[in-house]
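Each residue of the sequence shown is one higher than the one before, counting from 57 in the working numbering.
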Amino acid sequence: MRLFPLFADLKGRRVLVVGGGAVAERKVKSLLACGAAVTVGAPEATTELQQLHEQDVIQFIPRGFEPDWLNDIWLVVAATDDKATNRLIAGLATEKRLFINVVDDPELSTFQVPSIVDRSPLTIAISSSGHAPVLARRVRERIETLFDHSLGPLVALAAKYRTAIRQSRPNMRSRREFYDWLLDGPVAGALRRQQPLLAEQSLEKELAQTPTPAKGKVVLVGAGPGDPGLLTLHALRALNEADIILYDRLVSPEIRELARRDATQICVGKTPGENHHATQERIHQLMLEHASKGLFVVRLKGGDAFVFGRGGEELEFLRQHEIDYEVVPGITAAMACAAYAGIPLTHRDHAQSVRLSTAHFSKDTTPEDWAALAREKQTLAFYMGISQLDWLPGRLIAHGRAADTPFALIENGTRMNQRVLHGKLDELAVQARQHDFKSPSLLLIGEVTALAPKLQWFGTSIASQEVTSLPCESTAL
Ligand code: SAH
């Protein structure tokens, strides 16, 4: 964010507007609407500005700009159509540490005037940092349609009862529930129907009821693979209600941005080799500690919590400690990466089953297990595979998978920087190294992956021909 958003109280404070044309007139009107004391300086002014002067609503200096106009004012707006004059005013204003807006000139300006959705006392301001005002206005039009005009009186009502609400709902969670009820319930409905008395009565009635004490709970939320558009509505709701968010390293910043602003976010991701990150034990303790205090805890995991996410262990722990929980499924990496790489996981002709597997095998994986993994006409999805590429393909080939079986390696699936590498199984390790594929990457092996180049629709795709292929050694059994 380049500009710091700010709502300024200009009531009774003098603001200088240099220029007397239509643009200046618009600025003057919005300044007056906020109670500013306005001085306009220009050799000529519009009829309306002259009238405002005659009615003593504004001061008017009927001359070209003079530096001493900058004395004893709080803000400057330069709206002349002469670039040199605007530059001069901007220079002098900046010298005096006065904030200045030069209309349509972000370079000379030290503050910008945003587009506004006015639901007073609630105001929504939209800014493109002065670079694309037309686009900002389009965005404003869309936001206008999201909130009807009952929002203004609703906010005013909430302001009137703020102290009473605080007193009757001292607990933050019950207070939030009350405000949710206010936004979505009968009070908003009555205001929409132009029945303000009824609205106020139902607010008072609800306020008089004793709220049931909030009981803490944990919601295990699958955040999906990275693209925020892949969150479920339940996940979004949980993020909006959370007091505490315990998130994994794989959860993208864009998704965490969607959470309630005053929720406390704690990173509990486990990075290999970094011992300062929390252990599973610490995660359990944090869930217990916060839920026991009556707080709403969201345990936010990449993909789905029940696919290589230790979600089962966390639920067992919560059950053992009698903490209420819910589970919101997420889109797991295999499904998401396949979709964003144009790879159908099953296909009538090419694959009748899909296996989700970790590339970290335990010592007791038997030759039979390998033979089953190496069978044709199935799709293998390997999680956590990037460090295992030197031996994994060879092991599959040794157990009977054809060396020319196609694969697709998807790095940062569904994110802006997604890359997909595809080629033949025996070239996998060399290619992945050559193109420097890193974690998080998902490996798909099987005939269906050959469709990727044809069906690709998102991000970058790298085909095997682009590298010199070296044969991969078949690893001994
Ligand atoms: N619970 C998660 C998986 C956690 S294991 C899920 O359901 O997706 C972590 C592994 O998931 C990574 O090593 C990688 O193999 C895979 N992964 C997760 N997000 C990914 C992404 N955006 N792109 C590619 N692979 C991803």
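Virtual Cβ for every residue (Gly too), placed ideally from N, Cα, C.
Treat the numbers as computed from the prediction; the structure is a model and nothing was measured.
Excluding the 5 residues flanking residue i on each side, which residues of the same chain have their C-beta closer than 8 Å to its C-beta?
i: MET440; result: PHE364, THR414, ALA415, HIS416, SER495
i: HIS332; result: Confidence is the limiting factor: at HIS332 the pLDDT is only 45, short of 50, which leaves the residue's position unreliable and the question unanswerable from this model.
i: GLU522; result: Residue placement at GLU522 cannot be trusted, given a pLDDT of 49 that sits under 50; what the coordinates show is reported in the next sentence. Nothing meets the Cβ criterion.
i: VAL84; result: VAL73, VAL94, VAL96, LEU105, LEU108, ILE114
i: GLY359; result: GLY278, ALA279, GLY280, PRO281, LEU306, GLY365, GLY386, ILE387, THR388, ALA389, ALA392
i: THR516; result: GLN474, ARG475, VAL476
i: ASP299; result: MET228, ARG229, ALA319, THR320, HIS346, LEU351, PHE352, VAL353
i: TRP125; result: LEU72, VAL74, THR95, GLY97, ILE117
Considering Cα atoms alone, identify which of the options is closest to residue i.
i: PRO309; options: LYS357, GLU432, ALA454, ARG225; result: LYS357
i: PHE167; options: SER176, THR179, LYS510, HIS187; result: HIS187
i: GLN223; options: ALA264, LEU247, ALA394; result: ALA264
i: PRO123; options: THR201, LYS152, GLY479, GLN115; result: LYS152
i: ARG375; options: MET343, LEU191, VAL159; result: MET343
i: ARG69; options: PRO61, LEU88, ALA78; result: LEU88
i: ALA101; options: GLY91, GLU81, ALA92, SER86; result: GLU81
i: VAL173; options: VAL158, ILE501, LEU207; result: LEU207
i: ARG119; options: TRP130, THR141, LEU108; result: THR141
i: ARG316; options: ARG232, TYR381, GLY359; result: ARG232
i: GLU369; options: LEU292, LYS349, PHE121, GLN336; result: GLN336
i: PHE121; options: GLU260, LYS139, GLU104, GLN111; result: LYS139
i: MET391; options: ALA407, ALA437, TYR381, LYS433; result: ALA437
i: GLU503; options: GLN434, PHE493, LEU126, LEU292; result: GLN434
i: GLU297; options: GLU345, GLY147, ARG355; result: ARG355
i: THR402; options: PHE493, LYS419, LEU500; result: LEU500
i: THR136; options: PRO400, VAL159, LYS349; result: VAL159
i: ARG225; options: VAL73, GLU262, VAL243, GLY241; result: GLU262
i: LYS349; options: MET228, PRO462, LYS510, LEU314; result: MET228
i: LEU259; options: LEU238, ARG143, ALA485; result: LEU238
i: ALA488; options: PRO449, LEU511, ARG249, GLN408; result: PRO449
Which residues share a DSSP beta bridge with residue i?
i: VAL71; result: VAL94, LEU131
i: GLN336; result: In the DSSP output, where bridge partners are listed per residue, GLN336 has none listed.
i: GLY241; result: BP columns for GLY241 are empty, so no partner.
i: ARG175; result: LEU178
i: ASP380; result: LYS273
Between which two residues does the beta strand (DSSP E) holding residue i run?
i: TYR303; result: 300 to 303
i: ALA464; result: 462 to 467
i: PHE352; result: 352 to 357
i: LEU178; result: 178 to 182
Less than 8 Å between CB atoms is the rule here; does residue i satisfy it with respect to chain D?
i: VAL158; result: The structure shown has no chain D; it contains just one protein chain.
The alpha helix (DSSP H) spanning residue i covers which residue range?
i: LEU254; result: 252 to 264
i: GLN168; result: GLN168 -> no alpha helix (DSSP H), and no H or E assigned at all.
i: LEU374; result: 367 to 376
i: LEU88; result: 78 to 89
i: LEU191; result: 189 to 202
i: ARG222; result: 218 to 224
i: LEU66; result: Careful: LEU66 lies outside any alpha helix (DSSP H) and carries neither H nor E.
i: LEU105; result: 103 to 110
Within its chain, find whatever has a CB closer than 6 Å to the CB of residue i; leave out the 5 residues flanking it on each side and keep chain order.
i: SER443; result: none
i: ASP65; result: none
i: CYS393; result: ILE466, GLY469, LEU498
i: ILE182; result: PRO170, SER171, ALA192, VAL195, ARG196
i: GLY282; result: SER308, THR470, ARG471
i: PHE514; result: TYR396
i: ALA361; result: LEU276, GLY278, GLY367
i: SER176; result: GLY208
i: VAL133; result: VAL73, LYS83, ASN157
i: LEU200; result: Sequence inspection shows Glu at residue 200; the Leu mentioned does not correspond to that position. Same-chain partners within the cutoff: VAL173.
Looking only at its chain, what residues have a beta carbon closer than 7 Å to the beta carbon of residue i, apart from the 5 residues adjacent to it on each side?
i: LEU287; result: ALA279, GLY280, ILE311
i: PRO252; result: PRO209
i: ARG58; result: SER185
i: HIS290; result: VAL384
i: PRO527; result: Since pLDDT at PRO527 reaches only 38, below the 50 mark, its modelled position is unreliable, and no value is offered.
i: LEU178; result: LEU207, GLY208, VAL211
i: GLU424; result: none
i: GLY76; result: VAL96, ALA98, GLU100, ALA101, THR102, LEU105
i: ASP380; result: LYS271, LYS273
Any heavy atom of the ligand NAP closer than 7 Å to the beta-carbon of residue i?
i: GLY368; result: As presented, the structure is devoid of the ligand NAP, carrying the ligand SAH as its sole ligands.
>> Report the start-end ranges of each alpha helix (DSSP H) in the region 383 to 450 that is 4 residues or longer and not cut off at the edges.
In response: Qualifying alpha helix (DSSP H) stretches, in chain order: 389 to 397, 423 to 429.
>> If we require 4 or more residues per run, which alpha helix (DSSP H) segments fall completely within the region 112 to 157?
In response: Counting only runs of 4 or more, we get 139 to 151.
> Counting only runs that start and end within the region 455 to 520, where is the beta strand (DSSP E) found for 3 or more residues in a row?
Replying inline: 462 to 467, 475 to 480, 497 to 501, 516 to 519, all fully within the region 455 to 520.
> Could you give the uninterrupted runs of the alpha helix (DSSP H) lying entirely in the region 263 to 323, keeping only those of 4 residues or more?
Replying inline: Fully enclosed alpha helix (DSSP H) runs of 4 or longer: 289 to 297, 309 to 312.
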